[in-house]
Amino acid sequence: GQQVMQIPQYQHVQEGEDFTTYCNSSTTLSNIQWYKQRPGGHPVFLIQLVKSGEVKKQKRLTFQFGEAKKNSSLHITATQTTDVGTYFCAGKAGANNLFFGTGTRLTVIP
Amino acid sequence: EPEVTQTPSHQVTQMGQEVILRCVPISNHLYFYWYRQILGQKVEFLVSFYNNEISEKSEIFDDQFSVERPDGSNFTLKIRSTKLEDSAMYFCASSVRQGSYNEQFFGPGTRLTVL
Numbered sequence: 001g002q003q004v005m006q007i008p009q010y011q012h013v014q015e016g017e018d019f020t021t022y023c024n025s026s027t028t029l030s031n032i033q034w035y036k037q038r039p040g041g042h043p044v045f046l047i048q049l050v051k052s053g054e055v056k057k058q059k060r061l062t063f064q065f066g067e068a069k070k071n072s073s074l075h076i077t078a079t080q081t082t083d084v085g086t087y088f089c090a091g092k093a094g095a096n097n098l099f100f101g102t103g104t105r106l107t108v109i110p
Numbered sequence: 001e002p003e004v005t006q007t008p009s010h011q012v013t014q015m016g017q018e019v020i021l022r023c024v025p026i027s028n029h030l031y032f033y034w035y036r037q038i039l040g041q042k043v044e045f046l047v048s049f050y051n052n053e054i055s056e057k058s059e060i061f062d063d064q065f066s067v068e069r070p071d072g073s074n075f076t077l078k079i080r081s082t083k084l085e086d087s088a089m090y091f092c093a094s095s096v097r098q099g100s101y102n103e104q105f106f107g108p109g110t111r112l113t114v115l
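Residue numbers (my numbering), protein chains in the order written: chain A, 1 to 110; chain B, 1 to 115.
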């Protein structure tokens, strides 16, 4: 079945350091979405990527969709304590639902 | 800002009992979803619902699960005979159009504890 893996599983950074999480799918994706889940909270949509090689930016966050549409990355520049949470990628291959990745839990040390 | 609401926030039940989790999706949304998240793990898709019928379901969504939209606002998930392994956070979500191409709005979740 479809699998979406993320690495690393956990990441601890000092405030101000950069952070990157990588998402890899076993199948080609139609699109990919990223969600953030704060501790004790629910997933909140961040962005969607559709085109091969697409790069989108949201302030300090940069999202990239691989050329083969099987991988994606999220990079945060100069992390802040408000960035704490688990970041999930979610992809769709052919079915009408989202398949969430395993998530990367980010801890930012002040 | 419109939001998805879920009740109750926490449900404790005995193994073998039936539970109904309730959700009120955003009013102009057409697609509804249930997900579950076992503590510390990833979010897992259970079922999607459109036009008063299930459009897709995962392997997790077996005969013990059912969904219903009993009126114009509520969307419910029923677990007929709960098992210990059903303990998890259950999230309802909704979207305007076909979910995989559109942002899904998640509710705050219901934490189900099966004893």
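Each residue gets a CB set at the ideal place from its N, CA and C atoms; glycine is no exception. Computed from a predicted structure; not experimentally measured.
Inset, instruction - Kindly identify the DSSP beta-bridge partner or partners of K57/B. - result: V47/B
Legend entry - C-beta atoms of Q9/A and T104/A nearer than 9 Å: yes
Inset, instruction - Check Q68/B in the structure and name its three-state DSSP category. - result: Checking the displayed sequence, the identity of residue 68/B turns out to be Glu instead of Gln. The three-state secondary structure of E68/B, taken from DSSP, is strand.
Inset, instruction - Have a look at T79/A and G91/A and give me their C-alpha separation to the nearest angstrom. - result: 25 Å
Inset, instruction - Taking C-beta pairs closer than 9 Å, name the residues in chain B that T62/A reaches, listed in chain order. - result: What T62/A touches in chain B: nothing, since even the nearest Cβ is about 19 Å away.
Inset, instruction - Indicate whether the contact test is met: 3 or more Cβ pairs, each with one atom in the stretch 52-69 of chain B and one in the stretch 9-17 of chain B, closer than 8 Å. - result: By the Cβ test, the stretch 52-69 of chain B is not in contact with the stretch 9-17 of chain B, since fewer than three Cβ pairs between them sit closer than 8 Å.
Legend entry - Closest by C-alpha distance to Y50/B, when choosing among A93/B, E3/B and T110/B: A93/B
Inset, instruction - Could you please give me the residues that DSSP links to N24/A through a beta bridge? - result: Note: N24/A sits in a beta bridge opposite M5/A and N71/A.
Inset, instruction - Look at the Cβ atom of S58/B, then the Cβ atom of V47/B, and state whether they are nearer than 9 Å. - result: Judged by their CB atoms, S58/B and V47/B are nearer to each other than the 9 Å cut-off.
Inset, instruction - Taking C23/B as the reference, give the member of L112/B, P108/B and V114/B with the closest Cα. - result: Minimum Cα distance to C23/B is reached at P108/B.
Legend entry - S72/A burial status per 10 Å Cβ neighbour count (16 or more: buried): buried
Inset, instruction - Tell me whether the beta-carbon of F105/B lies closer than 9 Å to the beta-carbon of I54/B. - result: no
Legend entry - Residues that G109/B contacts on chain A, provided the C-beta gap is smaller than 9 Å: G41 and H42
Legend entry - Candidates Q11/A, F45/A, M5/A and N97/A: closest to T107/A by CA position: Q11/A
Inset, instruction - Would you kindly work out how many angstroms separate the C-alpha atoms of L21/B and Q64/A, rounded to a whole number? - result: Taking the straight line joining both Cα atoms gives about 36 Å.
Legend entry - Any C-beta of chain B under 9 Å from that of A78/A: no
Inset, instruction - Output, in chain order, the set of chain B residues within a Cβ distance shorter than 7 Å of G103/A. - result: K42
Inset, instruction - Can you tell me which of the three DSSP states T81/A falls into? - result: helix
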